[in-house]
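S.K.: In the UniProt record's numbering, the protein residues as written are 1 to 474. Ideal placement from N, C-alpha and C gives every residue a C-beta, glycine not left out. From a predicted model like this one, the values you see are computed outputs, not experimental measurements. Take this structure, written in structure tokens, and hold onto it; I'll ask about it next.
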Amino acid sequence: MAVPWEGVLRNKPAIQEAASVAVDAALLEGMLMRTEGQPNASDVVNYAPFTLLPSAVPSALFEQAYAVQQDFNLLVDAVSQNKEFLEHTLASTIKVDDFTARLFRIHMQVLEEGLAQSVFLGINRSDYMFDCGVDGKPALKQIEINTIAASFGGLTSRSVAVHGRVLKALGKSEEASRLLPNNPSKGLALGIAKAWELYGSQSAVVMFLVEEVQRNIFDQRCIENELWNRNIRVIRKRFRDVFEKGSLDDARRLYMDGQEVAVVYYREGYVPKSYDQQNWEARLLLERSRAVKCPDIATQLAGTKKVQQELSRPGTLERLLPGRAEAVARIRATFAGLYSLDMGEEGDKIAAMAIADPDRFVLKPQREGGGNNLYGEELRQVLEKIRDSPERTSYILMDKIKPQPSMNYLLRAHSPLQVSKCISELGIFGVYVRQGKEMVMNKAAGHLLRTKAIEHADGGVAAGVAVLDTPYLV
Ligand code: ADP
Ligand code: MG
Numbered sequence: 001m002a003v004p005w006e007g008v009l010r011n012k013p014a015i016q017e018a019a020s021v022a023v024d025a026a027l028l029e030g031m032l033m034r035t036e037g038q039p040n041a042s043d044v045v046n047y048a049p050f051t052l053l054p055s056a057v058p059s060a061l062f063e064q065a066y067a068v069q070q071d072f073n074l075l076v077d078a079v080s081q082n083k084e085f086l087e088h089t090l091a092s093t094i095k096v097d098d099f100t101a102r103l104f105r106i107h108m109q110v111l112e113e114g115l116a117q118s119v120f121l122g123i124n125r126s127d128y129m130f131d132c133g134v135d136g137k138p139a140l141k142q143i144e145i146n147t148i149a150a151s152f153g154g155l156t157s158r159s160v161a162v163h164g165r166v167l168k169a170l171g172k173s174e175e176a177s178r179l180l181p182n183n184p185s186k187g188l189a190l191g192i193a194k195a196w197e198l199y200g201s202q203s204a205v206v207m208f209l210v211e212e213v214q215r216n217i218f219d220q221r222c223i224e225n226e227l228w229n230r231n232i233r234v235i236r237k238r239f240r241d242v243f244e245k246g247s248l249d250d251a252r253r254l255y256m257d258g259q260e261v262a263v264v265y266y267r268e269g270y271v272p273k274s275y276d277q278q279n280w281e282a283r284l285l286l287e288r289s290r291a292v293k294c295p296d297i298a299t300q301l302a303g304t305k306k307v308q309q310e311l312s313r314p315g316t317l318e319r320l321l322p323g324r325a326e327a328v329a330r331i332r333a334t335f336a337g338l339y340s341l342d343m344g345e346e347g348d349k350i351a352a353m354a355i356a357d358p359d360r361f362v363l364k365p366q367r368e369g370g371g372n373n374l375y376g377e378e379l380r381q382v383l384e385k386i387r388d389s390p391e392r393t394s395y396i397l398m399d400k401i402k403p404q405p406s407m408n409y410l411l412r413a414h415s416p417l418q419v420s421k422c423i424s425e426l427g428i429f430g431v432y433v434r435q436g437k438e439m440v441m442n443k444a445a446g447h448l449l450r451t452k453a454i455e456h457a458d459g460g461v462a463a464g465v466a467v468l469d470t471p472y473l474v
């Protein structure tokens, strides 16, 4: 996967000049993040980390990832509506994983009461790597699908202009003109706007549910601005605010400070540390409400690693998407090997196989946000310790994807400029809206390319490991 600027990589003066152009372009284009030192103030900001140069992406795999996105939207939505499937699939996990268990209890509780919500909005991001098979041909393999708080759809839209500017500085104008335009935040906002409209109250607002620490606020502001441009009011609140000021009326309409909320867009709530007892109560209040939750709790559960693993079992996709053989085939083609560690003979065999050859696998707990997976020797040690205990069922096992590395420079504030051996992960944003049983919107909304140095097995941009990138199709 060669790029037409390989020769420039070792030209230190040209690289240094390009890097200073790149950083200023990033600031100028608004590819920004708040700083670690002042995560909740915009007085001091810096550029979000990014690659100096775009990375090569095989165009056939790029197109394949876009072509399967509507299928994944349908699949996630189908799983979220299938009470029996979620119950059965998560049964072993919720015995040992307290966080998933608490989410699941809320899910059951709102179903028992009866859903007040009739409009559903899904925003997800399906992530892939390009696996280098034995024949040397890269294949698209899904890493995971994020069904809650999938981020960087705003900032990534700025990388095209930044990388275009860098390529021009390096005398590659022709290549610069080939970078694809990309603006996920616009598509995501269209979904939110559609859900707001179907909710049907002109005076109601969209509420972004945000974290206590808000370093990535500019990414969210991109979506927010698209909504303000459509004259839809946006408020930003934390769980704590919902606990203190949120209420439901008799029809379970949600009010914040007396203001009706049509849509709740979660950019928070996907890790255990987001919740104390009050925040769990706030979550329950939101889930019981008529407001459109993006995602509702069932859709969040549909994005767990355990569900991903069960989806790969023969026959499961066919049952969830009846009469859609082509969609099923497109989805299945992106699956890597996934294995259950449930108690029993099958799980015993899988555990033994992973212990014998740990470098072939990744061990994943039911956690989001990067930095949780286990690899290599650590995988072996942990699995050996828990192989006979039900604790192993809080994990799934996955084949390790091995992409072909390429060279790039990762630009980070206060870090030296040095060349790194890198691998990339492509994400496609999906957005859909359902009213009752009818899908009224189902789209792919844009893409995100993230790149990291190969010495990091794990971790995203927010975790400080990966950086923003732009695909250069080859
Ligand atoms: P999280 O929910 O924490 O983002 P992921 O499944 O996306 O969990 O894993 C985090 C990171 O670990 C990915 O971004 C990728 O870099 C790496 N990773 C995950 N699964 C695999 C795999 N099967 N093969 C190789 N790397 C993987
Ligand atoms: Mg991930």
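Determine the extent of the alpha helix (DSSP H) in which Gln-308 is found, giving its start and end residues.
M.R.: 305-311
S.K.: Any idea which residues DSSP pairs Gln-435 with across the strands?
M.R.: Val-119 and Glu-438
S.K.: Contact between the stretch 290-307 and the stretch 135-155 is defined here as three or more beta-carbon pairs at a separation below 8 angstroms; is this criterion met?
M.R.: yes
S.K.: In angstroms, rounded to a whole number, what distance separates the CA positions of Leu-254 and Asn-40?
M.R.: Going from the Cα of Leu-254 to the Cα of Asn-40 covers about 27 angstroms.
S.K.: Around the Cβ of Ile-143, are there at least 16 other Cβ atoms within 10 angstroms (buried) or fewer (exposed)?
M.R.: buried
S.K.: CB of Gly-370 to nearest heavy atom of ligand 2: below 8 angstroms?
M.R.: yes
S.K.: Can you tell me the Cβ-Cβ gap for Cys-294 and Tyr-339, rounded? I've got them flagged as a contact below 8 angstroms.
M.R.: Not confirmed; about 31 angstroms, so no contact.
S.K.: Closest to Gly-200 by CA distance: which of Leu-285, Ala-291, Gly-323 and Pro-416 is it?
M.R.: If we check each option's Cα against that of Gly-200, Ala-291 comes out closest.
S.K.: Have a look at the DSSP bridge pairing and note the partners of Pro-365.
M.R.: Tyr-395
S.K.: Can you tell me which of the three DSSP states Phe-62 falls into?
M.R.: Residue state, collapsed to three classes: helix.
S.K.: From this set, Gly-344, Ala-457, Arg-238 and Leu-32, which residue's C-alpha is nearest Lys-362's C-alpha?
M.R.: Per the sequence shown, residue 362 should be read as Val rather than Lys. Comparing Cα positions, the closest option is Ala-457.
S.K.: In the structure shown, what three-state DSSP assignment does Lys-402 receive?
M.R.: coil
S.K.: Measure from the C-beta of Gly-7 to each C-beta in chain D and report whether the shortest distance is under 9 angstroms.
M.R.: In the structure shown, chain D cannot be found, because there is only a single protein chain.
S.K.: Sorted by chain position, which residues of the same chain lie with C-beta nearer than 6 angstroms to Ala-176's C-beta, five sequence neighbours on each side aside?
M.R.: Gly-164, Leu-167 and Lys-168
S.K.: With DSSP as the reference, identify every bridge partner of Glu-425, one or two as the case may be.
M.R.: Arg-450
S.K.: Apart from the five residues on each side of it in sequence, which residues of its chain come closer than 7 angstroms, Cβ to Cβ, to Glu-226?
M.R.: Ser-185, Lys-186 and Ala-189
S.K.: Report the rounded CA-to-CA distance for Leu-383 versus Met-353, giving the unit in angstroms.
M.R.: 11 angstroms
S.K.: Quick one, are the C-beta atoms of Gln-117 and Ser-247 less than 9 angstroms apart?
M.R.: no
S.K.: So does Glu-345 have its beta carbon nearer than 8 angstroms to some heavy atom of ligand 1?
M.R.: No; taking the cut-off as 8 angstroms, the Cβ of Glu-345 has no heavy atom of ligand 1 nearer than that.
S.K.: Output needed for Arg-332: all residues of its chain with C-beta closer than 7 angstroms, excluding positions within five of it in sequence on either side, in chain order.
M.R.: Setting aside the 5 residues that flank it on each side, Arg-332 is surrounded in the same chain by Leu-317, each with a C-beta closer than 7 angstroms to its C-beta; the list follows chain order.
S.K.: In angstroms, rounded to a whole number, what distance separates the CA positions of Val-210 and Gln-220?
M.R.: 9 angstroms
S.K.: Going by alpha carbons, who is nearest to His-88 out of Phe-99, Asn-73 and Met-108?
M.R.: Met-108
S.K.: My guess is that Asp-469 and Thr-51 are in contact by the Cβ rule of under 8 angstroms, so how many angstroms apart are they, rounded?
M.R.: 5 angstroms
S.K.: Checking the sheet assignment: what are the DSSP bridge partners for Leu-473?
M.R.: Val-57
S.K.: On the three-state DSSP scale, how would you describe Tyr-199?
M.R.: helix
S.K.: Which term fits Val-79, buried or exposed, when burial requires 16 or more other beta carbons within 10 angstroms of its beta carbon?
M.R.: buried
S.K.: Rounding to the nearest angstrom, what Cα-Cα distance links Lys-245 and Asp-135 in this structure?
M.R.: 59 angstroms
S.K.: Residue range of the beta strand (DSSP E) that Met-33 falls in?
M.R.: 32-34
S.K.: Once DSSP output is grouped into helix, strand and coil, what is the label at Ile-192?
M.R.: helix
S.K.: Let me check you understand the geometry: is the CB of Gly-460 closer than 8 angstroms to at least one non-hydrogen atom of ligand 1?
M.R.: yes
S.K.: Compute every distance between the C-beta of Val-76 and the non-hydrogen atoms of ligand 1, then say whether any falls below 8 angstroms.
M.R.: Taken from the Cβ of Val-76, every heavy atom of ligand 1 lies 8 angstroms or farther away.
S.K.: State buried or exposed for Gln-202, treating a residue as buried only when at least 16 other CB atoms are found within 10 Å of its CB.
M.R.: exposed
S.K.: Taking 8 angstroms as the cut-off, does the CB of Ile-123 come closer than this to any heavy atom belonging to ligand 1?
M.R.: no
S.K.: Can you find the residues in the same chain that come closer than 7 angstroms, C-beta to C-beta, to Gly-436, ignoring five residues on each side of it along the sequence?
M.R.: Ser-118
S.K.: So for Glu-108, helix, strand or coil by DSSP?
M.R.: It should be noted that the sequence gives Met, not Glu, for residue 108. The three-state secondary structure of Met-108, taken from DSSP, is helix.
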